[in-house]
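Going down the list, the protein sequences come from chains A and B.
Sequential numbering of the first sequence, starting at 1, is according to UniProt numbering.
Sequential numbering of the second sequence, starting at 1, is according to UniProt numbering.
Structure record follows, encoded as structure tokens.
Protein chains: 2
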Amino acid sequence: MKSWLEKRALLSPDQIGLYAGKSAWTFREMNEEATELAEKISPHIQNQSPVALLITNQPQSVFLIHALQKIRVPVLMLNNRLSQKEWQYQLKDSQAQLVIYQDQFVINTDRAISIDELKTGECWPYVPFEEEDVCSVMYTSGTTGNPKGVMQTYDNHFSSASGSAFNIGHRPDDIWMCAVPLFHISGYSILMRSVIYGIGVRLYEKFDERSIHADLVNGKGSIISVVTTMLERLLDVKNERYHSFFRCMILGGGPAPLHMVERCHDEHIPVFQSYGMTETASQFTTLSPADATRKTGASGKPLFPGEIKITDEQGEGCDDYVIGEILVKGPSVTKGYLNNPSATQEAFSEGWLKTGDVGYLDEEGFLFVADRRSDLIISGGENVYPAEVESVLSGHPAVKEAGVVGKKDDRWGEVPAAFIVLIEEVEKETLHNFVSKRLAGYKVPKMYRFVNELPRNAAGKLVRRKLKEEINHESV
Amino acid sequence: MKSWLEKRALLSPDQIGLYAGKSAWTFREMNEEATELAEKISPHIQNQSPVALLITNQPQSVFLIHALQKIRVPVLMLNNRLSQKEWQYQLKDSQAQLVIYQDQFVINTDRAISIDELKTGECWPYVPFEEEDVCSVMYTSGTTGNPKGVMQTYDNHFSSASGSAFNIGHRPDDIWMCAVPLFHISGYSILMRSVIYGIGVRLYEKFDERSIHADLVNGKGSIISVVTTMLERLLDVKNERYHSFFRCMILGGGPAPLHMVERCHDEHIPVFQSYGMTETASQFTTLSPADATRKTGASGKPLFPGEIKITDEQGEGCDDYVIGEILVKGPSVTKGYLNNPSATQEAFSEGWLKTGDVGYLDEEGFLFVADRRSDLIISGGENVYPAEVESVLSGHPAVKEAGVVGKKDDRWGEVPAAFIVLIEEVEKETLHNFVSKRLAGYKVPKMYRFVNELPRNAAGKLVRRKLKEEINHESV
Chain A
1 MKSWLEKRAL LSPDQIGLYA GKSAWTFREM NEEATELAEK ISPHIQNQSP VALLITNQPQ
61 SVFLIHALQK IRVPVLMLNN RLSQKEWQYQ LKDSQAQLVI YQDQFVINTD RAISIDELKT
121 GECWPYVPFE EEDVCSVMYT SGTTGNPKGV MQTYDNHFSS ASGSAFNIGH RPDDIWMCAV
181 PLFHISGYSI LMRSVIYGIG VRLYEKFDER SIHADLVNGK GSIISVVTTM LERLLDVKNE
241 RYHSFFRCMI LGGGPAPLHM VERCHDEHIP VFQSYGMTET ASQFTTLSPA DATRKTGASG
301 KPLFPGEIKI TDEQGEGCDD YVIGEILVKG PSVTKGYLNN PSATQEAFSE GWLKTGDVGY
361 LDEEGFLFVA DRRSDLIISG GENVYPAEVE SVLSGHPAVK EAGVVGKKDD RWGEVPAAFI
421 VLIEEVEKET LHNFVSKRLA GYKVPKMYRF VNELPRNAAG KLVRRKLKEE INHESV
Chain B
1 MKSWLEKRAL LSPDQIGLYA GKSAWTFREM NEEATELAEK ISPHIQNQSP VALLITNQPQ
61 SVFLIHALQK IRVPVLMLNN RLSQKEWQYQ LKDSQAQLVI YQDQFVINTD RAISIDELKT
121 GECWPYVPFE EEDVCSVMYT SGTTGNPKGV MQTYDNHFSS ASGSAFNIGH RPDDIWMCAV
181 PLFHISGYSI LMRSVIYGIG VRLYEKFDER SIHADLVNGK GSIISVVTTM LERLLDVKNE
241 RYHSFFRCMI LGGGPAPLHM VERCHDEHIP VFQSYGMTET ASQFTTLSPA DATRKTGASG
301 KPLFPGEIKI TDEQGEGCDD YVIGEILVKG PSVTKGYLNN PSATQEAFSE GWLKTGDVGY
361 LDEEGFLFVA DRRSDLIISG GENVYPAEVE SVLSGHPAVK EAGVVGKKDD RWGEVPAAFI
421 VLIEEVEKET LHNFVSKRLA GYKVPKMYRF VNELPRNAAG KLVRRKLKEE INHESV
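Here is the structure:
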């Protein structure tokens with residue numbers, strides 16, 4: 001196949017595909033930009049290993065993403081908030097052949113080139129791609145071990161896009177507002193939908209509630225993807241009804257508190273709560289506004305043709321209302337982790353991906369997520385895996401062991417908090433600096449508490465639930 | 001995967017999925033009907049060979065089609081207008097294990113069971129299906145040789161459905177009017193879209209222009225699929241503007257004459273001309289009403305993400321405006337012909353399906369079909385392959401050779417006409433009866449002309465174009 005942007009430019013050359021600030025690009029113009037970049041990148045490409053991007057939400061980033069599709073190398077989307085060490089890990093693990101970065105970032109590798117350094121190049125050899133080829137790679141952490149590179153194929157993105165269209169409808173004049181990061185699947189998937197559907201994306205460099213509010217009121221977009229924190233901030237500034245062109249707010253990245261759902265209902269905000277992950281190429285289930293008040297706390301039903309089942313510890317299917325592990329299956333689900341067959345094998349059971357999240361289905365098939373996988377902390381829409389933070393803390397010579405949990409926070413939903421058993425005395429600030437050097441800012445604990453021991457079950461396994469109860473009861 | 005209807009019934013149980021006459025069924029009710037039928041059919045199933053259906057456009061037929069998806073056997077859709085001999089050929093060639101037929105049909109095989117004979121059965125073993133499994137088989141004839149069974153996978157149908165939605169938009173309240181036969185891809189694909197999108201189908205037993213007109217005026221449907229003859233008949237009775245709910249008329253099965261396109265434009269009928277075939281799981285290119293007057297005679301651009309190329313006799317790509325063979329590629333294209341690897345191999349070139357049709361692309365990528373494959377005759381939306389009719393005629397002892405072409409016809413667009421070189425004298429009526437016993441009525445020539453020889457080129461190949469010119473110049 002030709003690249004998706006190339007096809008879209010053939011089908012809808014004069015349609016606006018991208019809005020950013022006061023500028024706009026038709027699909028033809030986008031394709032020209034991407035072609036130019038592809039020609040510049042091409043001389044630096046040695047093989048089919050990923051090319052990493054270290055970018056922000058800029059039009060240039062959109063063109064870069066499409067340029068990499070043109071030369072058919074998978075893109076590794078680096079979270080720009082991570083630390084050097086975290087980036088290094090991903091580059092090494094993915095065997096990335098090149099990093100292309102925006103000028104404001106510094107990355108320590110000899111395989112990096114800044115966007116401005118890219119010089120007019122030569123024609124690249126045209127390599128058609130197949131649906132099952134890897135399009136993008138994004139790293140996620142898990143219960144244990146190192147972060148893993150989730151492979152997202154073209155078919156994954158296409159299926160996710162079609163399932164979403166069948167769910168919320170597709171209007172040829174839709175404009176999808178993107179204030180979520182392009183390096184997350186939430187943002188990246190909007191770019192894919194834009195070329196697959198032939199609709200415009202309105203790109204925001206960052207989330208500013210006042211300007212987004214103004215755009216919603218003035219009919220600048222019909223769909224927006226947000227995380228809970230963003231919706232909270234939007235509600236804070238809301239003083240006018242949104243334009244009738246606006247028809248759909250996709251809410252992801254953690255559960256929405258009841259008061260928020262009710263407020264949206266009262267204010268006629270069409271919120272679609274959703275559940276998904278990097279491994280499902282964006283939302284996997286969605287709850288329509290019509291069901292939101294009837295099914296409080298639910299995450300909805302799978303997008304067509306995805307499937308969900310709940311299993312107990314023996315892998316047997318659970319009855320309705322019985323809590324177990326959430327497994328997902330369908331064409332939007334990843335085929336596995338990059339260069340990591342053992343993690344892939346461990347993650348799947350007979351074609352079903354074991355999410356590690358816990359929940360149940362009701363008799364109508366609505367999913368209720370009881371607990372995110374591995375005590376996942378969701379802070380401002382970003383995933384923080386306790387095991388990863390604990391592992392860094394334990395690496396400090398003064399620390400014997402650590403337990404990290406989410407502490408409720410008005411602004412971020414949750415922030416990480418650390419319980420620490422010491423070997424020898426150490427300042428909290430010293431620990432804080434130690435972690436800050438190794439992990440992205442949003443992963444660094446906002447609270448440290450020294451304790452004599454950590455709660456463990458009979459098998460000796462850390463019971464984070466107890467720490468969580470302790471910290472959150474205090475804070476209430 | 002579960003069957004599509006089963007999933008849809010889980011996602012949208014209370015949505016109406018089927019309207020027929022004064023009755024209507026929700027997806028939940030449809031699923032119950034299909035489950036009951038699956039239980040009745042199940043005891044008759046021995047293996048994974050196709051089950052043939054000999055049916056008309058009845059609600060029962062819809063449930064049967066979904067029942068077969070439930071037990072995961074491919075369905076062979078028999079054209080109910082064919083002759084016994086033609087049916088026998090398809091049953092044998094496909095190794096069909098069973099024929100389920102409506103009472104009004106008689107089919108000579110011991111593997112047949114009428115719908116009414118199906119008795120309450122047992123639970124069938126749940127067999128999940130995969131995207132690449134064959135969902136349906138439909139026979140088409142070609143330039144030479146016997147009819148071939150086109151395999152349509154679930155993925156083919158899904159891709160066709162999504163490509164169409166991205167093109168014409170998808171509204172959750174759409175109702176698709178189906179007056180084309182369910183045994184053709186045009187009708188079958190509407191059923192697939194219904195469960196994939198979650199929208200209603202309004203099913204008509206046959207095409208009656210007055211009742212369809214009334215339904216279009218009264219807002220009973222938002223989309224309709226028609227062939228040229230149907231549109232002509234609709235225009236004949238049109239005396240009122242269609243309802244604003246009606247938004248899309250997909251026109252297939254042969255080119256639309258200019259006067260018809262202009263009339264539709266004047267009457268505000270949103271006609272989407274299309275080009276497709278059994279091998280592409282319904283329309284492959286579509287021309288929007290916006291482009292219809294600007295691009296007279298065009299068949300539009302491919303549905304996303306399908307691709308088209310034009311090649312010359314050496315298989316090299318043609319420049320814009322240069323006529324050559326039309327090749328198609330994409331996830332909606334068949335993987336080949338059932339039990340016929342040699343025909344499959346012959347039909348494909350490096351992953352591209354050679355349609356046998358002839359045409360060109362303009363500089364914007366619009367397809368213009370110059371000539372249908374193998375002098376295909378399209379009569380009232382049905383395909384008639386000259387080679388098939390000639391082969392039957394040549395089988396008569398009095399006939400030395402025959403040439404069959406399309407003669408212009410006011411009602412049907414074209415009808416078959418036969419030029420015959422005799423060995424010995426014979427009555428036209430005798431020949432007519434001979435052919436009628438062996439071929440469907442619409443394939444039987446409406447005119448016979450005895451000639452001394454047939455026009456052939458230097459290589460001795462029949463030049464049907466000359467016969468066609470001769471007959472049509474006379475009739476003008």
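The beta-carbon is built from N, C-alpha and C at its ideal position, and this holds for glycine as well.
Treat the numbers as computed from the prediction; the structure is a model and nothing was measured.
Neighbouring residues, chain A, relative to residue i (Cβ below 9 Å)
i, result
"B:W4", "F304 and P305"
"B:K70", "Within chain A, no residue comes near B:K70; the closest Cβ sits about 14 Å away, beyond 9 Å."
Simplified DSSP state of residue i, which is helix, strand or coil
i, result
"A:T200", "One detail in the question is off: residue 200 of chain A reads as Gly in this sequence, not Thr. A:G200 falls in the strand class under three-state DSSP."
"B:Y321", "coil"
"A:F245", "coil"
"B:D266", "helix"
"A:H184", "coil"
"B:T285", "strand"
"B:V226", "strand"
"A:M1", "coil"
"B:V476", "Residue placement at B:V476 is flagged as unreliable, the pLDDT there being 43, under the threshold of 50; a coordinate-derived value is accordingly withheld."
"B:F158", "helix"
"A:W87", "helix"
"B:I112", "According to the sequence as given, residue 112 of chain B is Ala; it is not Ile. In this structure, B:A112 counts as strand in the three-state DSSP scheme."
"B:R273", "The identity of residue 273 of chain B in the sequence shown is Gln, whereas the question assumes Arg. If DSSP states are grouped into helix, strand and coil, B:Q273 belongs with the strands."
"A:L117", "In the sequence as presented, Leu is not what sits at residue 117 of chain A; that position holds Glu. In this structure, A:E117 counts as helix in the three-state DSSP scheme."
"A:E388", "helix"
"B:S436", "helix"
"B:F348", "strand"
Proximal residues to residue i (C-beta, below 6 Å), its chain only, five neighbours per side dropped
i, result
"A:K148", "Y337, N340 and A343"
"A:G365", "K301"
"B:V201", "L18, W176, C178, I190 and S194"
"A:T286", "N167, F272, S274 and G300"
"A:S379", "W412, E414, V415 and Y442"
"B:I224", "M177 and M249"
"A:E33", "F63"
Own chain residues within Cβ distance below 8 Å of residue i, not counting five before or after
i, result
"A:V476", "Reliability fails at A:V476, whose pLDDT of 43 lies under 50, so the model's placement of it is uncertain and the value that follows must be treated cautiously. Within the same chain, A:V476 has close Cβ partners K408."
"B:Y242", "L216, V217, H268 and I269"
"B:M260", "T228, L231, E232 and L235"
"A:M30", "L5, A9, G17, L18, V62, F63 and H66"
Cross-chain neighbours of residue i in chain B, by beta carbon under 7 Å
i, result
"A:I196", "F166 and F304"
"residue 483 of chain A", "A question about residue 483 of chain A goes unanswered here, because the residues of chain A that appear run from 1 up to 476."
Close-in-space but distant-in-sequence residues of the same chain around residue i (CB under 7 Å, 5 per side omitted)
i, result
"B:G198", "R8, L11, S12, Q15 and P172"
"A:E132", "T153 and D155"
"A:R81", "A440, G441 and Y442"
"B:N47", "Q97"
"A:R263", "L235"
Partners in chain A for residue i, counting only beta-carbon separations shorter than 7 Å
i, result
"B:K295", "Chain A residues near B:K295: none, gap ~14 Å exceeds 7 Å."
Residue i: contacting residues in chain B (beta-carbon distance under 8 Å)
i, result
"residue 485 of chain A", "Residue 485 of chain A is absent from the model: chain A starts at 1 and stops at 476."
Contact set between residue i and chain B, taken where Cβ atoms lie within less than 9 Å
i, result
"A:K7", "P302, F304, P305, G306 and E307"
**Prompt:** Is the number of C-beta pairs between the region 270-282 of chain B and the region 152-169 of chain B that are closer than 8 Å three or more?
**Reply:** yes
Q: Output, in sequence order along the chain, the residues in the region 161-192 of chain B whose CB is closer than 7 Å to any CB in chain A.
A: Residues passing the 7 Å Cβ filter: S162, A165, F166, G169, H170, R171 and P172.
_So if I threshold CB-CB distances at 7 Å, which residues from the region 128-141 of chain A count as touching chain B?_
E131
Using a Cβ cut-off of 7 Å, which residues of the region 310-336 of chain A contact any Cβ in chain B, in chain order? So the close ones are P331.
Going along the region 9-30 of chain B in order, which residues come within less than 7 Å of chain A, judged by CB to CB distance? L10 and L11
**Request:** Report the residues of the UniProt domain "AMP-binding enzyme C-terminal" (388-461) of chain A with a CB closer than 7 Å to any CB of chain B, ordered along the chain.
**Result:** Answer in chain order: no residues at all.
Can you give me, in chain order, the residues of the region 355-371 of chain A that have a beta carbon less than 9 Å from any beta carbon in chain B?
-> E364 and G365
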